[in-house]
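The sequence shown begins at 27 in this note's numbering and counts up by one.
Report on the structure given below.
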Amino acid sequence: SISDLKLHMCLVALMVTKCATAQTISCGSYHSAIVCADDSVRTWGGSPMLGNGTLNQSAVPVTVVGLGGVEWISAGGDFTLAVRQDGTVWGWGNNFAGELGDGTFTSPRLVPVQTQGIVDVEQLATGGSHVLALKTDGSLWAWGDNVYRQLGIGNGPDTAVPVAVTAVTNVVQVAAGH
Numbered sequence: 027s028i029s030d031l032k033l034h035m036c037l038v039a040l041m042v043t044k045c046a047t048a049q050t051i052s053c054g055s056y057h058s059a060i061v062c063a064d065d066s067v068r069t070w071g072g073s074p075m076l077g078n079g080t081l082n083q084s085a086v087p088v089t090v091v092g093l094g095g096v097e098w099i100s101a102g103g104d105f106t107l108a109v110r111q112d113g114t115v116w117g118w119g120n121n122f123a124g125e126l127g128d129g130t131f132t133s134p135r136l137v138p139v140q141t142q143g144i145v146d147v148e149q150l151a152t153g154g155s156h157v158l159a160l161k162t163d164g165s166l167w168a169w170g171d172n173v174y175r176q177l178g179i180g181n182g183p184d185t186a187v188p189v190a191v192t193a194v195t196n197v198v199q200v201a202a203g204h
């Protein structure tokens, strides 16, 4: 099945990164990302999802430029987001639907940019081109593609900044599909 194949890819990914200990690992549609024990982030696969400042693909892990202190990583369809220890969110890759949350629909971003207007994030889930974020207070926030109303904010357009999903409270875990 597709989920078994994705799990296998993630396990293989863990072996090839040469990280002594992995904190978090995530596989997107065309790339993989891992947070190593030293809180650095390494990625490999297709471009522009690597975050190393180039449009090159890589069959081996490369270090994401200027991003340390990472606790959580989530690889979306063709973008990646990371939560730093200070609760801020940083993203790179394609951004056609505003999935990086930096207030723009500019694409691609070859190095990490900070998601605007959100702090105290403890967990992220990325879909094909949308994001769900769980804050430490149990609130749920969303941004990116809303064509199928997957943000939970009603019939609004795509949004390039995080917005609160007010229909739910006291959230404990998030997940997103394609």
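A virtual CB, placed ideally from N, CA and C, is assigned to each residue, including glycine.
This structure is a prediction, so every number in the text was calculated from the model and none was measured.
Pull up the distance between the alpha-carbon of Gly164 and that of Thr192, whole angstroms please.
11 Å
Can you list, in chain order, the stretches of the beta strand (DSSP E) that have 3 or more residues and sit fully within the segment 147-177?
147-152, 156-161, 166-170
Going by other Cβ atoms of all chains shown within 10 Å of its Cβ, with 16 needed for buried, is Pro183 buried or exposed?
exposed
Would you call the CB atoms of Phe131 and Gly117 closer than 8 Å?
no
Report all residues from its chain with a CB closer than 6 Å to the CB of Lys161; omit the five preceding and five following residues, and keep chain order.
Asp146, Val147
If you reduce the DSSP assignment to three classes, tell me which class Ser100 lands in.
strand
What is the DSSP secondary structure of Ile16, counted as helix, strand or coil?
Nothing about residue 16 can be reported from this structure: the residues present for the chain run from 27 to 204 only.
Who are the near neighbours of Ser52 in its chain, counting only those whose CB is closer than 6 Å to its CB and skipping five residues on each side?
Ala59, Ile99, Ser100, Ala101
Please report the distance separating the alpha-carbon of Ser155 from that of Val139.
16 Å
Within 10 Å of its beta-carbon, does His204 have 16 or more other beta-carbons around it, so buried, or fewer, so exposed?
exposed
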